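Numbering-wise (UniProt numbering), the sequence shown opens with residue 1 and increments by one.
Just so you know, even glycine gets a beta-carbon here, dropped at the ideal spot from N, CA and C.
Note that the structure is predicted; figures quoted are calculated from it, not measured.
Please read the structure below before turning to the comments.
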Amino acid sequence: MPVHFEPAEMKSRRDRVSERLSGLGLDGLLMFKQESMYYLTGYDTFGFSMFQCLI
């Protein structure tokens with residue numbers, strides 16, 4: 001799967017989300033918006049036409 005940004009950028013995004021979750025005392029995150037899933041994973045889904053969730 002091609003990712004449209006550098007691996008270091010993807011790691012930075014994941015690290016920022018992980019730090020924020022930890023700071024809020026949360027253990028996980030549910031994502032429903034296709035744009036949010038793309039931001040965090042680089043995976044360009046068909047979320048606009050079918051329900052998807054990222055855990």
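**Q.** 8 Å CB neighbourhood of cysteine 53 in its chain, flanking five on each side removed
**A.** Leu30, Met31 and Phe32
Q) For methionine 31, which residues does DSSP report across the bridge? A) Leu54
**Q.** Simplified DSSP state of glycine 23, which is helix, strand or coil
**A.** helix
**Q.** For glutamate 6, three-class secondary structure by DSSP
**A.** coil
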